[in-house]
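**Student:**
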Amino acid sequence: MSIFLDDDDVAQLTGYTKKSKQIEWLDGRCWAFEVSRLGKVKVLRKYAEMKLGMPVENNQTQSTEPDFTQL
């Protein structure tokens with residue numbers, strides 16, 4: 135599975151198959167996206183899941199203390 139939504143996913147999300155309308159829809163709703171050199175709309179899959187309310191897995195552990203075990 136790609137890290138980006140495929141063309142069908144973007145069309146299903148926006149309700150448009152025309153790229154300019156997809157861009158208009160995404161921009162109007164403040165979605166982060168890029169347009170490739172070939173004119174394809176690129177939306178990160180995890181970003182779309184987050185925007186639609188799905189919990190996002192955080193595989194990074196956060197620590198507020200420095201790791202002194204290497205000293």
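Residues 135 to 205 in the working numbering are what the sequence shown lists, from first letter to last. C-beta atoms are modelled at their ideal positions from N, C-alpha and C, and glycine is treated no differently. Everything numeric in this text was worked out from a predicted model, so none of it was measured.
#1: Beta carbon of lysine 182, beta carbon of leucine 139: below 7 Å?
#2: Rounded to whole angstroms, what's the CA-CA distance from valine 169 to glutamine 146? Just pull it up for me.
#3: With C-beta atoms as the reference, is lysine 153 less than 7 Å away from valine 175?
#4: State the beta-bridge partners of leucine 178 as determined by DSSP.
#5: Identify whether glutamate 199 lies in helix, strand or coil by the three-state DSSP scheme.
**Tutor:** The short version:
#1: In the sequence on display, residue 182 carries alanine and not lysine. Taking 7 Å as the Cβ cut-off, alanine 182 and leucine 139 qualify as a contacting pair.
#2: 17 Å
#3: yes
#4: Phe138
#5: coil
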